[in-house]
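Novice:
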Amino acid sequence: MNILLIEDEEKVANFISLGLKEEGYEVDIAYDGKKGLDLLRENTYNLILLDLMIPEIDGLELLKTIRSWGMDTPVLIITAKNTKEDVVRGLDTGSDDYLTKPFSFEELLARIRALLRRVKKQGMNILNYKELTLNPYTRKLKTPKGETDLTEKEFMILEFMIRNREKVLSRKDIAEYVWHNIQDTTNIVDVYVNFLRKKIELLLEKRYIHTVRGMGYILKEDENV
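FYI, the numbering for the sequence shown is -13 to 211, going by the working numbering.
1. Only counting runs of 4 or more residues, tell me where the alpha helix (DSSP H) segments fall wholly within the stretch 150 to 193, in order along the chain.
2. Looking at the structure shown, is E133 part of a helix, part of a strand, or coil, going by DSSP?
3. Quick check on D72: does DSSP put it in helix, strand or coil?
4. Give a yes or no on whether the C-beta atoms belonging to K206 and Y194 are separated by under 8 angstroms.
5. Any idea which residues DSSP pairs D14 with across the strands?
6. Does DSSP put T65 in a helix, a strand or coil?
7. Any idea which residues DSSP pairs N29 with across the strands?
8. Specify, as a first and last residue, the run of the beta strand (DSSP E) that L120 falls within.
9. DSSP puts L85 in a beta bridge; with which residues?
10. Is there a C-beta anywhere in chain B that falls below 8 angstroms from the one on I64?
11. For the stretch 111 to 124 against the stretch 6 to 16, do three or more pairs of beta-carbon atoms, one drawn from each stretch, fall closer than 8 angstroms, so that the two count as touching?
12. Below 8 angstroms, how does it come out for the stretch 174 to 181 and the stretch 33 to 43: are there three or more Cβ pairs, yes or no?
13. Could you please give me the residues that DSSP links to N114 through a beta bridge?
14. Counting C-beta neighbours from all protein chains within 10 Å, is the total for P60 16 or more, i.e. buried, or is it exposed?
15. Please classify L77 as buried or exposed, where buried requires at least 16 other C-beta atoms within 10 Å of its C-beta.
16. Suppose the cutoff is 7 angstroms on Cβ atoms and the five residues either side in sequence are ignored; what does the same chain contact list for M201 look like?
17. Cα-Cα, which of G22, E133, V73 and E47 is closest to L188?
18. Give the range of the beta strand (DSSP E) segment to which L212 is assigned.
19. Helix, strand or coil for L38 per DSSP?
20. Given a cut-off of 8 angstroms, decide if G22 and L62 are closer than it, judged by their beta-carbon atoms.
21. Tell whether a beta-carbon distance below 8 angstroms holds between I143 and L102.
22. Ordered along the chain, which non-local residues of its own chain (more than five positions away) have a Cβ less than 7 angstroms from that of K87?
23. Measuring only the C-alpha atoms, how far is I(-8) from E191?
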């Protein structure tokens, strides 16, 4: 299980990370909100541990951002902000649980296990649209007629499209989600979308990714090719 820990206090982050690794979890650490968003764009996580008072982009803004992407990865807020209003605000913004500092490591582990059990029961993170099933754990695209492996960038593009199904996405939207800071990504977006489109059409003999002239791309089931 992969966990992203977003925490600006290095001693706290290292303590939590070491304990989680001893329990068998894989852990990445981001010491500020910007790095946290970068890692979330580049990787797939089973759980996010999020401090609220972090530099660059504060925790609530980061949470709003990833929920606006359609990302449903469970989030456990860990913070010293402990008023009733703080807890309500965190949960209403999109967190799945809220743990105030100081806390025992045993309680943190119990909260993590509970969230991951809930995810397993609900089948979260498996994305579906019509005949397309996208598995972030294996990075495979499954269809009734077979399956195929996707590269990291192909996976991220299709993930973004499924989360925004039947909506026109500009090349800039896709580039910001997949490549973040790369400049002038129009051509590379077209190249990767074309790779992805061909993989889907080879499996299903049906077009799902369509070009909207002058605007971008849309994921929508359509006629046979």
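We treat Cβ as the ideally placed atom computed from N, Cα and C, and that holds for glycine.
Specialist: Looking at the coordinates:
1. Those alpha helix (DSSP H) runs which fall completely within the stretch 150 to 193 and span 4+ residues are 157 to 164 and 172 to 190.
2. Collapsing the DSSP output to three states places E133 in a strand.
3. Helix.
4. Between K206 and Y194, the C-beta gap is smaller than 8 angstroms, which places the two residues in contact.
5. L(-10).
6. Correct three-state label for T65: strand.
7. Paired residues: none, contrary to the question.
8. Boundaries of the beta strand (DSSP E) around L120: L118 to N121.
9. As computed with DSSP, L85 is found in a beta bridge with I64.
10. You won't find chain B in this structure, because it holds only one protein chain.
11. No: the two stretches stay apart, fewer than three of their Cβ pairs being nearer than 8 angstroms.
12. With a cut-off of 8 angstroms, the stretch 33 to 43 and the stretch 174 to 181 do not count as touching, because too few Cβ pairs lie within range.
13. Looking at the DSSP assignment, N114 forms a beta bridge with T119.
14. The residue is buried, with at least 16 neighbouring Cβ atoms inside 10 Å.
15. With a 10 Å radius around the Cβ and a threshold of 16 neighbouring Cβ atoms, L77 comes out exposed.
16. Around M201: V154 and S156.
17. Considering only alpha carbons, the answer is E133.
18. Since the first residue shown for the chain is -13 and the last is 211, residue 212 is missing from the structure and cannot be characterised.
19. Coil at L38, not helix or strand.
20. No, they are not a contact pair.
21. Result no, Cβ atoms of I143 and L102 do not sit closer than 8 angstroms.
22. For K87, where only same-chain residues beyond five positions count, the Cβ hits under 7 angstroms are I64, T65 and A66.
23. Spanning the two alpha carbons is a distance of roughly 43 angstroms.
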